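Below you'll find the structure, written out as structure tokens, and then a few comments.
Numbering (the numbering used here), first residue to last: 128 to 368.
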């Protein structure tokens, strides 16, 4: 199995995640390592890469899963703080984390998986700044696929739909009803109707694109949303064909 470094700001949640993956691995504590800190801090970004290489001897895959959204995301409500926080976390931190990792990924001929969002395929006007940052991340994926290809490094993006995580916690008490409404909308618009997206669906997509099975795939954006990004079914009964 893989040897994994986990990073997060919240020590309790980081410990909880560590306990879960250790249990899932059959108790192999030695396969996992944690770094507590904020990816917006360049010192933390360097620690993640350097300490991973020190612990495990190499770096094969970087999964850039930083993400944040919240209120004040529209052109009418945004301020400098909400704009900078969204772009710094969703884009800037990823760019400079990758910069730290490239020399090690070149040695291993490894790959990068950026976690973006399916909002880059349609418009959620209440999340304008978040959408802008994720669209920029998608283009970063393509640019790096070209730029780093000569080093033998693959770069791809996984773009999930609405997933039940804590990414929207900055909405406070409004997050639960918002998530419920968006989940209902997604289920209506999905091509596959039987259920909603889970974090396990996203993890399986990451596992595939990071594996040798995807060894000839680079620069791709893979939507994991049951076809939600296609816009949903359209009633064409008005057409007389």
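C-beta atoms are modelled at their ideal positions from N, C-alpha and C, and glycine is treated no differently. Computed from a predicted model, the values in this text were never measured in an experiment.
My output table needs one value for residue i: the three-state DSSP class, helix, strand or coil.
{"i": "residue 242", "result": "strand"}
{"i": "residue 277", "result": "coil"}
{"i": "residue 194", "result": "coil"}
{"i": "residue 132", "result": "strand"}
{"i": "residue 206", "result": "coil"}
{"i": "residue 314", "result": "helix"}
{"i": "residue 199", "result": "coil"}
{"i": "residue 355", "result": "helix"}
{"i": "residue 250", "result": "coil"}
{"i": "residue 146", "result": "helix"}
{"i": "residue 324", "result": "coil"}
{"i": "residue 167", "result": "coil"}
{"i": "residue 290", "result": "coil"}
{"i": "residue 267", "result": "helix"}
Report, in whole angstroms, the separation of the C-beta atoms of residue i and residue j, which I expect to be a contact under 8 Å.
{"i": "residue 217", "j": "residue 264", "result": "6 Å"}
{"i": "residue 162", "j": "residue 155", "result": "Rounded, the Cβ-Cβ distance is 19 Å, inconsistent with contact."}
{"i": "residue 190", "j": "residue 351", "result": "That pair is no contact at about 14 Å."}
{"i": "residue 280", "j": "residue 232", "result": "5 Å"}
With DSSP as the reference, identify every bridge partner of residue i, one or two as the case may be.
{"i": "residue 188", "result": "238"}
{"i": "residue 284", "result": "241 and 348"}
{"i": "residue 161", "result": "133"}
Would you be able to state if there are at least three C-beta pairs under 8 Å between the region 317 to 329 and the region 301 to 308? no
For the pair the region 226 to 235 and the region 165 to 182, tell me if three or more CB-CB distances fall below 8 Å. yes
With a cut-off of 8 Å, do at least 3 Cβ pairs link the region 266 to 273 to the region 324 to 339? Because the criterion of three Cβ pairs below 8 Å is not met, the region 266 to 273 and the region 324 to 339 do not touch.
Does the count of Cβ pairs from the region 200 to 215 and the region 233 to 245 closer than 8 Å reach three? no
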